[in-house]
Amino acid sequence: MSTSAVIMTQRYTVASDALDDFLAMARHDADESLAFEIGCEQFELDTAGDGDTVVTLTARFTDRAAFEHHTHMPHYLPYRDGVNAMLTAPLEHHVEPASA
Numbered sequence: 001m002s003t004s005a006v007i008m009t010q011r012y013t014v015a016s017d018a019l020d021d022f023l024a025m026a027r028h029d030a031d032e033s034l035a036f037e038i039g040c041e042q043f044e045l046d047t048a049g050d051g052d053t054v055v056t057l058t059a060r061f062t063d064r065a066a067f068e069h070h071t072h073m074p075h076y077l078p079y080r081d082g083v084n085a086m087l088t089a090p091l092e093h094h095v096e097p098a099s100a
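Under UniProt numbering, the letters of the sequence shown match residues 1 to 100, in that order.
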């Protein structure tokens, strides 16, 4: 198991009528991750603004095991299941080693 930090990047294209609900769910997941996951070091949401419905989520975890732990947390599972119905394009998802 690697002890190198990893960065998770997800890019969502959200239906315009679901954007507020999506952002609320994503912020809740981010807040819970930072509060309750020792291995979650950073969690950011970014939108281009002006009604753009593309949202980029970036999270930094201490290692791959911390990321895997995140995907089994009670706050993550409803988020994962809930946001899929809000998307208008497939989720883009990457987990890569953090650069030094």
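All residues carry an ideal CB built from backbone N, CA and C; glycine is no exception.
(1) Can you say whether HIS72 is buried or exposed, counting buried as having 16 or more other CB atoms within 10 angstroms of its CB?
(2) So, are the CB atoms of HIS75 and GLU32 less than 7 angstroms apart?
(3) What do you reckon, are the CB atoms on THR53 and LEU19 nearer than 7 angstroms?
(4) Start and end of the alpha helix (DSSP H) containing VAL83?
(5) Any contact between the stretch 81–88 and the stretch 5–17? By contact I mean 3 or more CB pairs, one from each, below 8 angstroms.
(6) Helix, strand or coil for GLU96 per DSSP?
(7) Considering only the alpha carbon of each residue, which of THR62, HIS70, VAL95 lies closest to THR3?
The answer reads as follows:
(1) exposed
(2) yes
(3) yes
(4) 76–83
(5) yes
(6) strand
(7) THR62
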